[in-house]
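Heads up, the sequence shown is in the numbering used here, so the first residue is 1247 and it goes up one at a time. Please read the structure below before turning to the comments.
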Amino acid sequence: MPTDNLAVIGAQWGDEGKGKIVDLLAPAFSVVARYQGGHNAGHTVHARGRKFVLHLVPSGILHADVTCLIGNGVVVDPTALFSELDQLVAEGIDPQGRLRISDRAHVILPYHRDLERVAEQSRGSRPIGTTSRGIGPAYEDKAARRGVRIVDLADTSDEGPLAQTLRANVDARNRLCGGGAVSWLEALADLGRVWARLEPMVTDVSSYLDDAIRANQRVLFEGAQGTMLDVDHGTYPFVSSSNGSIGGVCTGLGVGPSAIGRVLGIVKAYTTRVGEGPLPTELNGDAGNTLRESGQEYGASTGRPRRCGWFDAVVARYAARINGLDALALTKLDVLDSVDEVNVCVGYRCGDQRTTKMPADPAVLARCQPEYETWPGWSAPTAGVRSFDALPSAAQRYVARLEELTGVPVAIVSTGSDRADTIIRTDSVVTTWLPASA
Ligand code: IMP
1247 MPTDNLAVIG
1257 AQWGDEGKGK
1267 IVDLLAPAFS
1277 VVARYQGGHN
1287 AGHTVHARGR
1297 KFVLHLVPSG
1307 ILHADVTCLI
1317 GNGVVVDPTA
1327 LFSELDQLVA
1337 EGIDPQGRLR
1347 ISDRAHVILP
1357 YHRDLERVAE
1367 QSRGSRPIGT
1377 TSRGIGPAYE
1387 DKAARRGVRI
1397 VDLADTSDEG
1407 PLAQTLRANV
1417 DARNRLCGGG
1427 AVSWLEALAD
1437 LGRVWARLEP
1447 MVTDVSSYLD
1457 DAIRANQRVL
1467 FEGAQGTMLD
1477 VDHGTYPFVS
1487 SSNGSIGGVC
1497 TGLGVGPSAI
1507 GRVLGIVKAY
1517 TTRVGEGPLP
1527 TELNGDAGNT
1537 LRESGQEYGA
1547 STGRPRRCGW
1557 FDAVVARYAA
1567 RINGLDALAL
1577 TKLDVLDSVD
1587 EVNVCVGYRC
1597 GDQRTTKMPA
1607 DPAVLARCQP
1617 EYETWPGWSA
1627 PTAGVRSFDA
1637 LPSAAQRYVA
1647 RLEELTGVPV
1657 AIVSTGSDRA
1667 DTIIRTDSVV
1677 TTWLPASA
């Protein structure tokens, strides 16, 4: 089944600018589907003269002709979902009839947040720095086969399977967590109200996608977080609890690999990370603060300051391999406008060994020293530049060097937060699958 479908994947530690790129490309697609994560994500889109921050709802929602899907691999906090939908309606965007949620997606319940707090506390001096959204405990329940799925909410009778699961889970929560005891009966009643609002949106997403793809509708698969936060391929244990990399598309939506088509990796022109864990190119002090302020690097979900550093080609090349990237979208190039010299990490020195591979052990990665190539900054600003030829030559060379180091062509360059501040390289060999309308 050859397809024109496209997966958009974060190739660093999240916050690469996936929201902007998905919003930009969405008009060329009929469907935008999220396959993992939850409302820990914060996808920022500047459109209609405003800033939208989407957490659970796919970034295609701003386009009236696009259907948005939340797959079985996503963990859904109904309260967060409803407040996001209310917010969209208040901003003049009607998701009615355009948002469908998998009957197999797992539900984040209030006790998941309590359990996350206790788990983080129990890690003592080695916390993960999670988003406190209940994401990890919800995925734990899923793997332990005691999770609550959306389909389960249809039966909220006192003796039904949902009641039994809730009773056991709430009992465990009350044993583990301090504070007032939670009542499973109240939780059950709440879920009855949730179901009343959710039911019209619930569907078999895998089957929906199969029909859509057979009808030649184009699908964009929207990743959340990034490859380095992937529970299997990231800097474990300092990761999220899902597969944000390409494998998550199949498991999180119920599609086969041949449905994926092409894979676009999103990288920032430098590196950021929120939370704990190794970040080899991290800049402390003034240099890091300058990048943070020029890039406005504060978490879109939590407001936490992001750690900032130089572009790490070891990370990007690793992400290219894990995801089979066909092309890159390079975002926030303009943030480097104020920098006199640009460093790019081309390898790591770990003790007396040099490597260009990603170590499995986060303690080893934390000890690695980046090896830098230093490039001159650019003489003129790139902010708002909309054609590749109009970029200063030093910026063009920087992009070309990143292509060499990663082995992946840069098809899109973003030079500002606005949709229009984007260069789509029509001379690139991979642009045949980019929408003409973008
Ligand atoms: P959790 O996903 O809340 O469990 O957090 C696990 C780790 O992933 C923490 O370091 C978070 O800061 C990070 N994280 C989770 N979601 C995002 C995201 O959307 N962008 C960037 N970092 C994230």
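Here a beta-carbon is modelled for each residue, glycine too, at the ideal position from N, C-alpha and C. As the structure is a prediction and not an experimental result, all values here were calculated from the model.
Item: CB of ASP1667 within 9 Å of CB of GLY1623, strictly; Value: no
Item: Sub-9 Å separation of ALA1470 and ALA1293 beta-carbons; Value: no
Item: Unbroken alpha helix (DSSP H) run spanning ILE1568, endpoints; Value: 1559-1569
Item: ALA1272 Cβ short of 8 Å to the ligand IMP heavy atom set; Value: no
Item: C-beta atoms of PRO1324 and VAL1353 nearer than 9 Å; Value: yes
Item: Pair within 9 Å by beta-carbon distance, VAL1299 and SER1547; Value: yes
Item: Contact test: ALA1519 Cβ vs the ligand IMP heavy atom, cutoff 8 Å; Value: Before going further, note that residue 1519 is Arg rather than Ala in the sequence given. Within the cutoff, so yes.
Item: Range of the contiguous alpha helix (DSSP H) that encloses ILE1267; Value: 1264-1271
Item: With 16 other Cβ atoms within 10 Å as the buried cut-off, status of SER1584; Value: exposed
Item: heavy atom of the ligand IMP below 8 Å from THR1376 C-beta; Value: yes
Item: Cβ distance (whole Å) where ASN1251 is taken to contact PHE1467 below 8 Å; Value: 7 Å
Item: Cutoff 9 Å: ASP1401 Cβ touching any chain C Cβ; Value: The structure shown has no chain C; it contains just one protein chain.
Item: Near the ligand IMP: ALA1287 beta-carbon under 8 Å from a heavy atom; Value: yes
Item: Presumed contact (8 Å Cβ cut-off) between ALA1522 and GLY1375, rounded CB distance; Value: The sequence given here has Glu at residue 1522, not Ala. Their Cβ separation, rounded to whole angstroms, is 4 Å, which keeps GLU1522 and GLY1375 in contact under 8 Å.
Item: DSSP three-state assignment for ARG1553, whether helix, strand or coil; Value: strand
Item: DSSP three-state assignment for ARG1508, whether helix, strand or coil; Value: strand
Item: Every unbroken beta strand (DSSP E) within the stretch 1573-1611, with a cutoff of 3 residues, ordered by chain; Value: 1573-1577, 1587-1596, 1599-1601
Item: As assigned by DSSP and simplified to three states, the class of PHE1634; Value: helix
Item: Opening and closing residue of the beta strand (DSSP E) in which ILE1381 lies; Value: Run containing ILE1381: none in the beta strand (DSSP E); it sits in the alpha helix (DSSP H), 1381-1389.
Item: Any non-hydrogen atom of the ligand IMP within 8 Å of LEU1475 CB; Value: yes
Item: Span of the alpha helix (DSSP H), counted from its first residue to its last, around THR1497; Value: 1493-1499
Item: Inter-residue spacing [alpha-carbon to alpha-carbon] between GLN1463 and GLY1284; Value: 25 Å
Item: Buried versus exposed, by CB contacts within 10 Å (16 or more), VAL1335; Value: exposed
Item: THR1497 to PRO1627 span [Cα, whole Å]; Value: 43 Å
Item: GLU1522 Cβ short of 8 Å to the ligand IMP heavy atom set; Value: yes
Item: Reference GLY1425, options GLN1342, ASP1360, ALA1253, closest by Cα; Value: ASP1360
Item: CB-CB length for ARG1346 against LEU1315, believed under 8 Å; Value: 5 Å
Item: Simplified DSSP assignment, three categories, for ASP1673; Value: coil
Item: Cβ-based neighbour list, VAL1440, same chain, cut-off 7 Å, excluding 5 preceding and 5 following; Value: PRO1324, LEU1399
Item: Contacting residues, own chain, Cβ-Cβ under 8 Å from VAL1416 (five flanking each side not counted); Value: TYR1357, VAL1428, SER1429, TRP1430, ALA1433
Item: ASP1261 Cβ short of 8 Å to the ligand IMP heavy atom set; Value: yes
Item: Residue from THR1517, ASP1598, VAL1560, PRO1526 whose Cα sits closest to the Cα of LYS1578; Value: THR1517
Item: Which of helix, strand or coil DSSP assigns to PRO1356; Value: helix
Item: Beta-carbon proximity check, ALA1279 vs LEU1499, cutoff 9 Å; Value: yes
Item: CB contact flag (VAL1656, LEU1582, <9 Å); Value: no
Item: DSSP-derived helix/strand/coil call for ALA1293; Value: strand
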